[in-house]
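These protein sequences, in sequence, are chains A and B. Take 1 as the starting number for the first sequence in our numbering and just add one per residue. Take 114 as the starting number for the second sequence in our numbering and just add one per residue. Glycine included, C-beta positions come from ideal geometry on N, C-alpha and C.
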Amino acid sequence: AQSVTQLDSHVSVSEGTPVLLRCNYSSSYSPSLFWYVQHPNKGLQLLLKYTSAATLVKGINGFEAEFKKSETSFHLTKPSAHMSDAAEYFCVVTTSYGQNFVFGPGTRLSVLP
Amino acid sequence: DTEVTQTPKHLVMGMTNKKSLKCEQHMGHRAMYWYKQKAKKPPELMFVYSYEKLSINESVPSRFSPECPNSSLLNLHLHALQPEDSALYLCASSQVLQGARNSPLHFGNGTRLTVT
Chain A
1 AQSVTQLDSH VSVSEGTPVL LRCNYSSSYS PSLFWYVQHP NKGLQLLLKY TSAATLVKGI
61 NGFEAEFKKS ETSFHLTKPS AHMSDAAEYF CVVTTSYGQN FVFGPGTRLS VLP
Chain B
114 DTEVTQTPKH LVMGMTNKKS LKCEQHMGHR AMYWYKQKAK KPPELMFVYS YEKLSINESV
174 PSRFSPECPN SSLLNLHLHA LQPEDSALYL CASSQVLQGA RNSPLHFGNG TRLTVT
């Protein structure tokens, strides 16, 4: 069985400071991992994906994530937060070739001026 | 802008009404999904269609009836809903990659449904 833990339900940072959103997963097999962002009343937008290529993955809007198998982690980072980054972020794991995507509970990011 | 289009954006319906949600994608994806999302929660999977055939039904009540008329379209027919069915309904699509790693989900902006 697969599962995803997002350790922080809410993270608050000041504009211009680094962002760290944590994600740990549990999987019996080699996972594919994704980060999505959701702004209010919008759908989910793919930020980045890991599918067994490079362990450091770069995404859109300056975000990146590092896959660490030994720690079963896939934390999302950004060097400098922008006001427009305030949103809900979901970490997602899947290990099958089918359509079973498991979502984490989400982390709400607030960016203070 | 999203490449998955959902209509309508908002829908208010009474418990005796019949309505339909529509979803369209032109990315050539052969898997399409319906998710339900309540406030401050992650999306919950309802249905998956793969090559226009229903492949996953997550024990959804029969008042929700999905339909996949062709590879680009996905509908969700609603009948006799309850107030607790009020939520954001999200459509998504993905490639079906045989013998390869998973393709990500591509989401529409959703339909905000209110049942009165």
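Arg143(B) at chain A interface by Cβ criterion, 8 Å: The residue given as residue 143(B) occupies position 30 in the second sequence. No, Arg143(B) lies away from the interface with chain A (no Cβ there is under 8 Å from its Cβ).
Expected contact under 8 Å - CB spacing of Arg108(A) and Ser9(A) to nearest Å: Position 108 of the first sequence, counted from the first residue, corresponds to residue 108(A). Position 9 of the first sequence, counted from the first residue, corresponds to residue 9(A). Arg108(A) to Ser9(A), Cβ: 7 Å. Contact.
Pro196(B) (DSSP reduced to helix, strand or coil): In the second sequence, residue 196(B) corresponds to position 83, counting from 1. Pro196(B) falls in the helix class under three-state DSSP.
Collapsed DSSP secondary structure at Met128(B) in the structure displayed: For the purposes of this step, residue 128(B) is taken as residue 15 along the second sequence, with counting starting at 1. Correct three-state label for Met128(B): coil.
Contacting positions in the segment 40-51 of chain A - beta carbon closer than 9 Å to chain B: Asn41, Lys42, Gly43, Leu44, Gln45, Leu46, Lys49, Thr51
According to DSSP, residues forming a beta bridge with Met145(B): Translated into the one-based positions of the second sequence, residue 145(B) becomes position 32. Beta-bridge pairing links Met145(B) to Tyr162(B), Ser206(B).
Ser185(B) (DSSP reduced to helix, strand or coil): Numbered from its first residue, the second sequence carries residue 185(B) at position 72. Here Ser185(B) sits in coil by DSSP.
Contacting positions in the segment 5-19 of chain A - beta carbon closer than 7 Å to chain B: none
The segment 59-75 of chain A touching the segment 40-51 of chain A, judged by at least three CB pairs closer than 8 Å: Touching, yes, given that three or more Cβ pairs across the two stretches are closer than 8 Å.
Within 9 Å of chain A by C-beta, residues of the segment 149-161 of chain B in sequence order: If you check each beta-carbon in the segment 149-161 of chain B against every beta-carbon of chain A, the ones closer than 9 Å belong to Gln150, Lys153, Lys154, Pro155, Pro156, Glu157, Leu158, Val161.
For Pro40(A), the nearest candidate out of Leu112(A), Tyr89(A), Phe103(A), Thr95(A) (CA to CA): Start at 1 with the first residue of the first sequence, and residue 40(A) comes out as number 40. Minimum Cα distance to Pro40(A) is reached at Tyr89(A).
Complete runs of the beta strand (DSSP E) confined to the segment 27-95 of chain A [at least 3 residues]: 32-38, 44-50, 56-58, 64-68, 73-78, 87-94
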